[in-house]
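>
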Amino acid sequence: MTELQAAVAAAEAAALTTIAQAADLAALEALRPELLGKKSALRTHMKGLGSLPAEDRPEAGRVINDAQARVEEAFAARLAELREADLARRLESERIDITLPAPAAPAGSLHPLTLTLLEIERIFVSMGYDVAEGPESETEANNFDLLNILPHHPARDMHDTFYLEAGGILRTHTSPVQVRYMLAHKPPLAIIAPGRVFRVDDVDATHSPVFTQVEGLVVDRGISMAHLRGTLDAFLKAMFGEDVETRFRPSYFPFTEPSAEVDMRWHGAKGGGGWLEVLGCGMVNPAVLENCGIDSREFTGFAFGLGVERFAMLRYGIPTIRAFYENDIRVLRQFAS
Ligand code: FA5
221 MTELQAAVAA AEAAALTTIA QAADLAALEA LRPELLGKKS ALRTHMKGLG
271 SLPAEDRPEA GRVINDAQAR VEEAFAARLA ELREADLARR LESERIDITL
321 PAPAAPAGSL HPLTLTLLEI ERIFVSMGYD VAEGPESETE ANNFDLLNIL
371 PHHPARDMHD TFYLEAGGIL RTHTSPVQVR YMLAHKPPLA IIAPGRVFRV
421 DDVDATHSPV FTQVEGLVVD RGISMAHLRG TLDAFLKAMF GEDVETRFRP
471 SYFPFTEPSA EVDMRWHGAK GGGGWLEVLG CGMVNPAVLE NCGIDSREFT
521 GFAFGLGVER FAMLRYGIPT IRAFYENDIR VLRQFAS
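Going by my numbering, the first residue of the sequence shown is number 221, and it counts up by one from there.
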């Protein structure tokens with residue numbers, strides 16, 4: 221009996237030392253079969269119980285079981301200890317310094333067209349105009365008929381605009397916003413109508429099939445061509461400075477009579493340059509006022525429509541309209557404030 225006890229005690233002591241010496245989780249796990257498995261030293265003693273005298277067996281069994289329990293306990297304790305150490309080590313090595321300043325989020329900036337549009341709006345709002353908007357898909361009536369663009373007019377050629385399958389068209393100018401506004405409001409009125417417009421135009425340096433317009437409309441008693449010229453003069457000077465060179469040319473629009481176009485002098489990078497048409501304008505055709513429910517004997521009005529891309533080209537010295545749509549970050553970055 222004492223011989224067995226001594227052997228069990230020695231096996232237990234050896235197991236406890238081995239457990240204590242396991243340096244990390246992997247090493248401890250590798251010991252599991254040897255220390256806790258069916259073939260461990262203690263279990264081997266258990267199998268030998270049968271050869272003891274019957275009266276010694278219960279006591280011998282208890283001694284072995286106790287030793288086995290202590291080994292299991294030591295194993296579990298060491299496992300917990302190593303797991304904790306492992307966690308602490310990982311927390312330390314994967315630590316994030318939350319006090320470091322974060323990398324700056326890249327800030328966007330306003331597109332040069334938006335900047336130009338905002339400046340145009342700012343100038344007109346300061347002169348007392350309201351800003352009116354309308355849909356990009358329009359009825360033919362609003363885009364053409366009510367503006368006195370009759371069915372035979374070249375602007376109605378199928379190829380001049382985009383016809384929608386669901387009916388209607390993509391507006392070719394923002395003049396239909398003026399129609400909508402006149403139908404809904406009584407004069408006196410002064411609005412600008414900014415927005416995107418669409419035409420079947422080929423792309424070149426000054427044309428794009430999708431571009432941006434701002435149209436203006438003033439209707440009141442006694443409005444004359446002098447008001448139109450004075451307003452556009454004040455606007456162009458506010459936009460481009462006192463020295464801006466402009467010229468008015470007689471022109472034709474079905475919805476204005478008389479009509480004019482305004483060109484602005486631009487200077488190319490290599491000393492070139494010339495006149496660039498920037499807007500169309502005129503006195504609102506009485507037929508249009510009547511179409512929109514305004515008495516043309518009592519009221520007169522002027523209207524104009526400008527291309528925002530062309531204004532932005534002149535404002536920033538950009539030689540081609542394509543620069544606004546290619547979204548070349550090197551170009552756009554120059555407008556970051
Ligand atoms: C019109 O669209 C008239 N509705 C303007 C108007 C309004 C006249 C009220 C009288 C009274 P026009 O087609 O000329 O007119 O276009 C106006 C301006 O838009 C032009 O002066 C030009 O600056 C610009 N523009 C015209 N076509 C294009 C294009 N394809 N790409 C870029 N800009 C364009």
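In this text, a Cβ means the ideal position worked out from N, Cα and C, and glycines have one as well.
#1: Please report how far the alpha carbon of residue 272 lies from the alpha carbon of residue 289, in whole angstroms.
#2: How would you label residue 393, buried or exposed, when you count the other beta carbons within 10 angstroms and need 16 or more for buried?
#3: To which residues of the same chain is residue 324 closer than 8 Å at the C-beta, ignoring the five residues directly before and after it?
#4: Within the same chain, show all residues whose beta-carbon is closer than 7 Å to that of residue 443, passing over the 5 residues directly before and after it, in chain order.
#5: Out of curiosity, what's the CA-to-CA distance linking residue 440 and residue 416?
#6: Report back the beta-carbon spacing between residue 329 and residue 468 to the nearest angstrom; my notes put them in contact at under 8 Å.
#7: Give the single residue among 315, 374, 360, 298 whose Cα lies nearest to the Cα of residue 240.
#8: My understanding is that residue 498 touches residue 527, with C-beta atoms under 8 Å, so please give their C-beta distance in whole angstroms.
#9: Ligand 1 and residue 365: does any heavy atom of the ligand fall closer than 7 Å to the residue's C-beta?
#10: The beta strand (DSSP E) that contains residue 440, what's its start and end?
#11: Beta carbon of residue 336, beta carbon of residue 531: below 8 Å?
#12: At the level of alpha carbons, what is the spacing between residue 373 and residue 515?
#13: Mapping the DSSP letters down to three states, classify residue 357 as helix, strand or coil.
#14: Using the rule of at least 16 other Cβ atoms within 10 Å of the residue's Cβ for burial, across every protein chain shown, is residue 265 buried or exposed?
#15: If you follow the beta strand (DSSP E) that residue 470 is in, where does it begin and where does it stop?
#16: Threshold first: 4 residues or longer. Then list the alpha helix (DSSP H) segments lying entirely within the region 307 to 389, N to C.
#17: Cα separation between residue 478 and residue 505?
The relevant details are as follows:
#1: Roughly 22 Å separates the two Cα atoms.
#2: Per the 10 Å Cβ criterion, buried.
#3: Residues of the same chain with their beta carbon placed closer than 8 Å to that of residue 324 are lacking, with the five preceding and five following residues left out of the count.
#4: Excluding positions up to five away in sequence, the list reads 520, 521, 522.
#5: Approximately 27 Å between the Cα atoms of the pair.
#6: Actually they do not touch by this definition, with Cβ atoms about 35 Å apart.
#7: With distances taken between CA atoms, residue 240 lies nearest to 298 out of 315, 374, 360, 298.
#8: Going by Cβ atoms, the distance from residue 498 to residue 527 rounds to 6 Å, so yes, they are a contact pair.
#9: No, the beta carbon of residue 365 sits no closer than 7 Å to any heavy atom of ligand 1.
#10: Annotation: the continuous beta strand (DSSP E) that includes residue 440 extends over 430 to 440.
#11: The answer is yes: Cβ separation under 8 Å.
#12: Going from the Cα of residue 373 to the Cα of residue 515 covers about 25 Å.
#13: Reduced to three states, the DSSP call for residue 357 is strand.
#14: Per the 10 Å Cβ criterion, buried.
#15: Looking at the DSSP string, the run of the beta strand (DSSP E) that includes residue 470 is 466 to 473.
#16: List check, alpha helix (DSSP H) in window: 332 to 346, 360 to 363.
#17: Each residue's CA atom was taken as its position, placing residue 478 and residue 505 some 8 Å apart.
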